[in-house]
Amino acid sequence: MAFPKRKNIQQRERQLLVVVGSQNPVKINCTDSSFHKVFEEHHFVVQGLNVNSEVSEQPFGDAETYRGAYNRAKNAKNTFPEADYWVGIEGGVDEMGEDLIAYAWVVIIDQQGNTGKSKTSTFFLPKAISNLIKGGMELGDADDQVFNRENSKQGNGAVGILTKSLVNRQEYYEQAVILALIPFVNESIY
55 MAFPKRKNIQ QRERQLLVVV GSQNPVKINC TDSSFHKVFE EHHFVVQGLN VNSEVSEQPF
115 GDAETYRGAY NRAKNAKNTF PEADYWVGIE GGVDEMGEDL IAYAWVVIID QQGNTGKSKT
175 STFFLPKAIS NLIKGGMELG DADDQVFNRE NSKQGNGAVG ILTKSLVNRQ EYYEQAVILA
235 LIPFVNESIY
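The numbering of the sequence shown is our numbering, which starts it at 55 and goes up by one.
Here it is in structure tokens:
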């Protein structure tokens, strides 16, 4: 995959390159939107890169899900070290009694090695989806089966389907990306 080279902009400001450790358009778009909202004074080019999360296809529990997000950011940095920021977003599930909850972790690393971390809000999954996941299926595939869809994980995902698009997946991840950027806009206290 060819990444754009950084170039000077007429206002003497260069574009900053952000590499997302995924080619999922939802993860790329939420990162793009978040960086532009947080750093209005900068110009960003956001690109996705297919990297290994080094965790299960369906991460289970906070530790594995966080590790997947961290590994995506780290592996994106190792693969394309010329970027300015690397972002890992990993969705996971966890048990809450007999139920399953869904959420995602976000990890952002900058050129200096600083790290920002955040987690989305959580929501409970319906039994039909939970049972499929407990049987070894990934959340996106379970959504597709239960709701008769295709590739929902690259679209609105479970959160969008279950809220009837009142919370879309991009917005859901976007808030967590913005929260993970807190250390980068408050460097003096982090």
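Don't be surprised by glycine CBs; every beta carbon is placed ideally from N, CA and C.
Checklist entry - In terms of residue numbering, what span does the alpha helix (DSSP H) encompassing lysine 181 cover? => result Here the alpha helix (DSSP H) through lysine 181 covers 181-188.
Checklist entry - Can you give the Cα-Cα distance for alanine 137 and serine 175, rounded to whole angstroms? => result Taking the Cα positions, alanine 137 is about 29 Å away from serine 175.
Checklist entry - To the nearest whole angstrom, what separates the beta carbons of serine 87 and glutamate 228, a pair I think is in contact under 8 Å? => result Contact flag correct, Cβ pair sits at about 6 Å.
Item to check | Assigned exposure category for serine 219 - 16 Cβ within 10 Å defines buried | outcome: Flag for serine 219 reads exposed.
Next on the checklist: Quick check on this structure: which residue in Asn202, Gln165, Glu149 has the alpha carbon closest to the alpha carbon of phenylalanine 177?
Outcome noted: Comparing alpha carbon positions, the residue from Asn202, Gln165, Glu149 closest to phenylalanine 177 is Glu149.
Checklist entry - Would you report the Cα separation of valine 160 and asparagine 83, rounded to the nearest angstrom? => result Rounded to the nearest angstrom, the two C-alpha atoms are 14 Å apart.
Next on the checklist: Does the beta-carbon of valine 109, which I'm using as the reference point, lie nearer than 8 Å to any heavy atom of the ligand MN?
Outcome noted: Summarising the ligand content, the structure contains no ligands, and the ligand MN is consequently not present.
Checklist entry - Are there three or more Cβ pairs, one per stretch, closer than 8 Å when the stretch 114-129 is compared with the stretch 89-96? => result No: the two stretches stay apart, fewer than three of their Cβ pairs being nearer than 8 Å.
Checklist entry - How far does the beta strand (DSSP E) with valine 100 in it reach, from first residue to last? => result Element bounds for valine 100: 97-102.
Next on the checklist: For the stretch 97-117 against the stretch 69-84, do three or more pairs of beta-carbon atoms, one drawn from each stretch, fall closer than 8 Å, so that the two count as touching?
Outcome noted: Pairwise C-beta distances place the stretch 97-117 in contact with the stretch 69-84, as three or more of them are shorter than 8 Å.
Checklist entry - Hey, quick one: how far does the alpha helix (DSSP H) through tyrosine 139 stretch, first residue to last? => result For tyrosine 139, no alpha helix (DSSP H) encloses it; the enclosing beta strand (DSSP E) starts and ends at 139-150.
Checklist entry - Roughly how many whole angstroms lie between the Cα atoms of valine 231 and threonine 85? => result A direct Cα-to-Cα measurement between valine 231 and threonine 85 gives close to 7 Å.
Item to check | Neighbourhood of leucine 235 by C-beta, 6 Å cutoff - its chain only, sequence neighbours within 5 removed | outcome: Closer than 6 Å at Cβ, skipping near neighbours: Val92, Gly170.
Item to check | Supposed close pair leucine 186, alanine 156 - CB separation, criterion 8 Å | outcome: 13 Å between Cβ atoms; not a contact.
Checklist entry - For proline 113 versus glutamate 144, is the C-beta distance shorter than 9 Å? => result By the CB criterion at 9 Å, proline 113 and glutamate 144 fall inside the cutoff.
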